[in-house]
Amino acid sequence: SQKIEQNSEALNIQEGKTATLTCNYTNYSPAYLQWYRQDPGRGPVFLLLIRENEKEKRKERLKVTFDTTLKQSLFHITASQPADSATYLCASGSGNTGKLIFGQGTTLQVKP
Amino acid sequence: DTEVTQTPKHLVMGMTNKKSLKCEQHMGHRAMYWYKQKAKKPPELMFVYSYEKLSINESVPSRFSPECPNSSLLNLHLHALQPEDSALYLCASSQDFVRSNSYEQYFGPGTRLTVT
Numbered sequence: 149s150q151k152i153e154q155n156s157e158a159l160n161i162q163e164g165k166t167a168t169l170t171c172n173y174t175n176y177s178p179a180y181l182q183w184y185r186q187d188p189g190r191g192p193v194f195l196l197l198i199r200e201n202e203k204e205k206r207k208e209r210l211k212v213t214f215d216t217t218l219k220q221s222l223f224h225i226t227a228s229q230p231a232d233s234a235t236y237l238c239a240s241g242s243g244n245t246g247k248l249i250f251g252q253g254t255t256l257q258v259k260p
Numbered sequence: 090d091t092e093v094t095q096t097p098k099h100l101v102m103g104m105t106n107k108k109s110l111k112c113e114q115h116m117g118h119r120a121m122y123w124y125k126q127k128a129k130k131p132p133e134l135m136f137v138y139s140y141e142k143l144s145i146n147e148s149v150p151s152r153f154s155p156e157c158p159n160s161s162l163l164n165l166h167l168h169a170l171q172p173e174d175s176a177l178y179l180c181a182s183s184q185d186f187v188r189s190n191s192y193e194q195y196f197g198p199g200t201r202l203t204v205t
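Residue numbers (our numbering), protein chains in the order written: chain A, 149 to 260; chain B, 90 to 205.
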């Protein structure tokens, strides 16, 4: 069955460093991957979408890559700030069905 | 307006009660979703509506009954719930996914449901 995995449950880094989060997929080839941010007790917020024919996408301090050979997406936050502390979810769609499959999420803690 | 609103924010109900969760969006989105999220887990899809018609039911127990009265509103009717149904219930909306093969979803803040 289609699987999307985020290997790290938690990631702790120092303010100012670059945070790198990993998302791996197995048993399918997603046409795109999405990244969301979720704060405790709130709904996820869409951050970035990258398609299979795009190697890299950027938005302000965020960068996402998509490597179809490694079956992996990397999500980077440069010059991280304590306000970036949250859970980050990767997700991909299942055909044109509306169904979104989420990874388990990585909780990022940025220490001042 | 890129907001999805949900009411109530919190709900405590007994196992014999009947209650409803409400969701509203005014972004012109024709797809709406209900998710259930337990602590430290990702959102789990329950239902998908496309053009006010139910297109996906992820084998959800019949004690959860969705309704889409119009393109802006989505309800989730609850009846005879179990304590294990306690969770954060999230509503989301997106553009038409039938014609587009990629779409970001806009989530509401959720309703925190506790079943006693």
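Note that the Cβ used here is the ideal one computed from N, Cα and C, for glycine as well.
- Task: Whole angstroms is fine: what's the gap from Pro178 (chain A)'s alpha carbon to Thr105 (chain B)'s?
- Result: Going by the C-alpha atoms only, they are around 43 Å apart.
- Message: For a contact defined as C-beta to C-beta under 9 Å, what are the partners of Leu179 (chain B) on chain A?
- Response: Under a criterion of Cβ atoms nearer than 9 Å, the residues of chain A adjacent to Leu179 (chain B) are, in order, Gly191 and Pro192.
- Query: By the criterion of Cβ-Cβ separation under 7 Å, what are the contact partners of Lys247 (chain A) in chain B?
  - Reply: Neighbours of Lys247 (chain A) on chain B, chain order: Leu134, Val137 and Ile145.
- Using a Cβ-Cβ cut-off of 7 Å, state whether Asn244 (chain A) counts as contacting chain B. When Cβ-Cβ separations below 7 Å define contact, Asn244 (chain A) makes contact with chain B.
- Message: Against chain A, which members of the stretch 186-197 of chain B pass a CB distance test of less than 9 Å?
- Response: Identification of residues in the stretch 186-197 of chain B having a C-beta nearer than 9 Å to some C-beta of chain A yields Phe186, Val187, Arg188, Ser189, Asn190, Ser191, Tyr192, Glu193, Gln194, Tyr195, Phe196 and Gly197, given in sequence order.
- By how many angstroms is the C-alpha of Ser156 (chain A) removed from the C-alpha of Leu163 (chain B)? Computed Cα separation, rounded: 35 Å.
- Query: Exposed or buried, what is Ala128 (chain B) when buried is set at 16 or more other beta-carbons lying within 10 Å of its beta-carbon?
  - Reply: It is exposed - the Cβ of Ala128 (chain B) has fewer than 16 other Cβ atoms within 10 Å.
- Message: If you follow the beta strand (DSSP E) that Gly241 (chain A) is in, where does it begin and where does it stop?
- Response: Note, Gly241 (chain A): beta strand (DSSP E), Ala234 to Gly241.
- Task: Decide if the stretch 153-169 of chain A is in contact with the stretch 151-165 of chain B; the criterion is three or more beta carbon pairs, one per stretch, under 8 Å apart.
- Result: With a cut-off of 8 Å, the stretch 151-165 of chain B and the stretch 153-169 of chain A do not count as touching, because too few Cβ pairs lie within range.
- Message: What does the alpha-carbon distance come out to for the pair Ser191 (chain B) and Thr235 (chain A)?
- Response: Whole-angstrom Cα-Cα distance: 22 Å.
- Message: Count Cβ pairs between the stretch 172-187 of chain B and the stretch 168-178 of chain A that sit closer than 8 Å; are there 3 or more?
- Response: Contact between the stretch 172-187 of chain B and the stretch 168-178 of chain A is absent, because fewer than three Cβ pairs lie under 8 Å.
- If the cut is a Cβ gap below 9 Å, which residues of chain B does Leu237 (chain A) touch? Proximity of chain B to Leu237 (chain A) at the Cβ level (cut-off 9 Å) is accounted for by Pro131 and Pro132, in chain order.
- Message: Bridge partners for Val193 (chain A) per DSSP, in chain order?
- Response: Answer is A:Arg185, bridged to Val193 (chain A).
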